[in-house]
Amino acid sequence: MERKKVVIVGNGMVGNKFCEKLKQKINDLEIIVFSEEPIRAYDRVHLTDYFKISSIDELFLLKNEWYLENNVKIHLDDPIVAVNLLKKEVESQKGITVNYDYLVFATGSAPFVPPIPGIEKEGVFLYRTIEDLDLIKAYAAKAKRGTVMGGGLLGLEAAKAMVDLGLEETAVIEFAQRLMPRQIDDSASMLLQNKLSELGLTCLLQKSTSQLLGDDRLTGIAFQDGSSIETDLLLISAGIRPRDELAKKIGLDVGERGGILVNAQMQTSDPVVYAIGECALVNDMIYGLVAPGYEMAEIAASHIVGEEKSFKGFDMSTKLKLMGVDVASFGDAFISEPYARTILLEDRNKGIYKRLNVSKDGTRLLGGILVGEAASYNMLLQMVNNSLPLAEHPELLLFGQQSESKSASAGLEALPDAALICSCEGVTKAQICDAVITGHCENADAVKKCTKAGSGCGGCVPMVKDLVNYTMKQQGKYIRSTICEHFDLSRQELYDLIKIHELKSYDHVLDALGRGHGCEVCKPLVSSLLASLWNEMILGKGNDVAQDSNDRYLANIQKGGTYSVVPRIPGGEITPDKLIVIGEVAKKYSLYTKITGGQRIDLFGAHLNDLPFIWEELIAAGFESGHAYGKALRTVKSCVGSTWCRFGLHDSVSFAIRIEERYRGLRAPHKIKSAVSGCIRECAEAQSKDFGIIATEKGWNLYVCGNGGSKPQHALLLASDIDSETCIRYIDRFLMFYIRTADPLTRTATWLNKMEGGIDYLRNVVVEDGLGMGEAWEQDMQLLVDSYRCEWKVAVENPEIRKRFVHFVNAPEEKDETVRFDSFRGQKKAADWNVSTY
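Following the UniProt record's numbering from start to finish, the sequence shown increments by one per residue and tops out at 838.
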């Protein structure tokens, strides 16, 4: 008997997923795919990453061998141009004719191009395919100003792409009164707009374009309100239109506003012809996300093999990170009085907006919006989708109470087995737990390979990790926290192996201990470990590209695109001559100056190409880097102690200087702050620091794991009435133990809070040397102390490193003219972006 033949028109993400699902369900089918694009299916969700990855292979959804191994014929760069429904026959552009038993349209959508005068000019691009991105990348090399038309999901992703390409100015034009109008409300949009503006992105709202300016080449955009902007490059992301032209041509039913009409089984008006993804109109709706497209692929594949499934609509909740800013909406994000109660949290200082919509009786969560912090998104979404009951005080959900271990475990336990965790792949809680229990999958990557959970948009990965840990705990198993998909090791294991093998660069670590090309998770983490172990110049040996953004330039990037310069002032002690030098440098380079709470003088507003010159002048006067940009020791604050104060018991300034000069440059999982107080009056606030020292009549008391900031916590007494040498020995041990065992970006306070046995266990390890590691840790610390070199000094003396500090490679002496300043109490400050001026 001849095998039945399925022809798929389109090889995008949804068409590819249909092909994959059909092969999983039945092997006795002949599958032929026709693709308009010259390359096989790739990940469009993470299209922006194309500008950062080393090879396009990282975006491909399936390896080329998969098609050969599964006997799937694929014709690239050859779209279907004709279909005979009576003969059940298709014809491709290259003249290939194929009969079919089932035909599946997965033609996706095309960008909507508004009929604006000048749209044909050079410099105007669509943002849809790899081919588009290649054209954009080539053109951007000679452009300074870029603009995106459309402030929705894809538009903001396109804007991020232009920022990644290094354009000096990037603007977004949105016709509506807010960004992402389908996902977030006015207040959330305003906060998102402010955060994006701080990152250098200009947002122009309620703007209707009248024409594109320039002769043959784009030079600007004019708006109907009479205003205009200059731009060299325009990306159009103003919405999508379903690709239904071929369906119309052959007589299939389509909607009034486009889209191929399908039933709940994804059948068109011809029962052997199916449509899935963005080309399909189901229940009068076009779904523009990948997850519902994957669900349609599952349903169409199931129907072809005789399984009974139907499309019942799809949750359009979404979470993404735009230029480092979390944005999420879930459930009914806009429902309000009198149909629901709304709970709001708006923190403009930290840039956080959270909205929860609760049922009138207060028992159910209906939906919400999260901007700036969205760690609880997955659990909140599950509460909506599974109608989980709310606690007595639902407002606590705004403060991340569900993130705490007990609450998180309770939430996971309350989820029904049928709860859909990965909507892209249709993976339930039960399937993930089963993969852990019976499939022995003990991390998220293993679960992904087994169930495909997290292989789509990736939004469910945090909850998949939580479920893996929860299930393993239920089985009484040890939970091994691996770094990321590129390293199957915990941070501590990686630290030990780097030390054993004496690896000195990120590439060497990846080659020896990891796989793939690395990511934004493991690169700065490995860089931190290398710095903690060897204390070598962080920008040497090719490690520069693996650093956090601030570390790459040895300075904190500030609002408006300038940098801050923070020289180290140990103990806060400074001579008049050094004060004069700081003043002269600030005047020469027009820097804003501020004395901080950490006894330093910060200099703000430095241009990138001025940094080496500023550093040289400060170094000549005896200053060095204060490491304000690094996860390292920042300051050791002190009072004046017995030198001047009548209450002082010991010389706190001298001891603070000794402490700071010993641990300067020490890299750790997070920044470290310290203080030395000369008496119990605590003028240096030592008990709010990562380690603090207070003078007593018999010596010093050493306190550890305190924290100021957003979650203040008093430090706890580690040892009392100890002499200076013993104090330093205990600090050596404490810091090395912290560096060896803390998770990435974990402050000492959080590290101690998670430590079984708490301060008693820590005291046993550090003071009593319960692990027998004290002497080794002291030796390790001394090696770091002996190898210290000021990073600023190395940078200005090394020609290769110094080359990094230019705004424009072809004009290294020029300053960035887009940086603007306002007058501020006699000094300058970074200018706020004012949309009304454009």
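Virtual Cβ for every residue (Gly too), placed ideally from N, Cα, C. For clarity, every value in this text was computed on a predicted model and none was experimentally measured.
query                                                                                                                                                                             : result
Can you give me the Cβ contacts of Gly-362 inside the same chain, cut-off strictly under 8 Å, excluding the 5 residues immediately before and after it?                           : Arg-341, Leu-390, Pro-394
DSSP three-state label for Ile-299, please.                                                                                                                                       : helix
To the nearest angstrom, how far is the alpha carbon of Leu-233 from that of Phe-125?                                                                                             : 8 Å
Report the rounded CA-to-CA distance for residue 840 versus Asp-77, giving the unit in angstroms.                                                                                 : Outside the displayed span of the chain (1 to 838) sits residue 840, for which this structure offers no information.
Within 10 angstroms of its Cβ, does Gln-779 collect 16 or more other Cβ (buried), or is it exposed?                                                                               : exposed
Roughly how many angstroms separate the alpha carbons of Lys-448 and Val-464, rounded to a whole number?                                                                          : 9 Å
Roughly how many whole angstroms lie between the Cα atoms of Gly-439 and Ser-376?                                                                                                 : 28 Å
Between which two residues does the beta strand (DSSP E) carrying Lys-5 extend?                                                                                                   : 4-9
Tell me, please, whether the stretch 227-242 touches the stretch 109-121 by the rule of three or more beta-carbon pairs shorter than 8 Å.                                         : yes
Going by the beta-carbon positions, is the gap between residue 877 and Gly-220 smaller than 8 Å?                                                                                  : With the chain represented from 1 up to 838, any question about residue 877 goes unanswered, as that position is not in the structure.
Just to confirm my understanding: we take Val-809, look at its own chain, exclude 5 residues before and 5 after, and list those with CB closer than 8 Å. What are they?           : Residue confidence is low: Val-809 scores 46 on pLDDT, short of 50, so the model does not pin down where it sits. Its coordinate-derived value is still stated next. So the list is empty, once near-sequence residues are dropped.
Which same chain residues end up closer than 6 Å to Glu-617 when comparing Cβ atoms and leaving out the 5 residues on each side of it in sequence?                                : Val-585
If you pair each beta-carbon of the stretch 555-571 with each one of the stretch 590-608, do three or more pairs fall below 8 Å?                                                  : yes
Could you pull the start and end residues of the beta strand (DSSP E) that His-75 belongs to?                                                                                     : 72-75
Which of the three DSSP states, helix, strand or coil, is assigned to Leu-513?                                                                                                    : helix
If distances are taken between C-alpha atoms only, which option among Leu-204, Pro-669, Leu-86, Leu-649 comes closest to Arg-681?                                                 : Leu-649
Is the separation between the beta-carbon of Ala-742 and that of Tyr-730 shorter than 8 Å?                                                                                        : no
Can you name the residues that DSSP bridges to Met-285?                                                                                                                           : Val-282
How far does the alpha helix (DSSP H) with Asp-721 in it extend, from its first residue to its last?                                                                              : Careful: Asp-721 lies outside any alpha helix (DSSP H), inside the beta strand (DSSP E) at 716-722.
Does the stretch 251-268 come into contact with the stretch 280-295, if we say contact requires no fewer than three beta-carbon pairs (one atom in each stretch) closer than 8 Å? : yes
What residues in its chain sit with their C-beta under 7 Å from that of Ile-580, if we drop five residues either side in the sequence?                                            : none
Work out the CA separation of Tyr-294 and Ala-435 for me, nearest whole Å.                                                                                                        : 21 Å
What is the DSSP secondary structure of Glu-404, counted as helix, strand or coil?                                                                                                : Residue placement at Glu-404 cannot be trusted, given a pLDDT of 41 that sits under 50; the coordinates are not used to answer.
Gly-151 to Gly-123, Cα distance in whole Å?                                                                                                                                       : 19 Å
Are Ser-109 and Glu-256 touching if we call contact CB-CB under 8 Å?                                                                                                              : no
By a C-beta neighbour count over all protein chains shown, 10 Å radius and 16 as the cutoff for buried, is Ala-141 buried or exposed?                                             : exposed
Helix, strand or coil, according to DSSP, for Leu-390 in the structure here?                                                                                                      : coil
Does DSSP put Asn-263 in a helix, in a strand, or in coil?                                                                                                                        : coil
Could I get the ranges of all uninterrupted beta strand (DSSP E) runs contained in the stretch 145-181, with 3 residues as the minimum, in chain order?                           : 145-149, 169-174
For Phe-223, which of helix, strand or coil comes out of DSSP?                                                                                                                    : strand
On the criterion of 16 or more Cβ atoms from any shown chain inside 10 Å, does Ile-722 qualify as buried, or is it exposed?                                                       : buried
Can you give the Cα-Cα distance for Ser-403 and Leu-412, rounded to whole angstroms?                                                                                              : At Ser-403 the pLDDT is 40, less than 50, meaning the model places this residue with poor confidence; the figure from the coordinates comes in the next sentence. Cα to Cα, Ser-403 sits roughly 11 Å from Leu-412.
Please state if the CB of Ala-300 and the CB of Phe-34 are separated by a distance shorter than 8 Å.                                                                              : no
Where Asn-71 and Asp-253 are concerned, what is the direct C-alpha to C-alpha distance, given to the nearest angstrom?                                                            : 32 Å
What's the gap between the Cα of Gln-401 and the Cα of Ile-352?                                                                                                                   : The predicted model places Gln-401 with a pLDDT of 42, which falls under 50 and marks its position as unreliable, so this point remains unresolved.
Judging by CA-CA distance, which residue of Gln-93, Lys-88, Thr-107 is the nearest neighbour of Tyr-100?                                                                          : Lys-88
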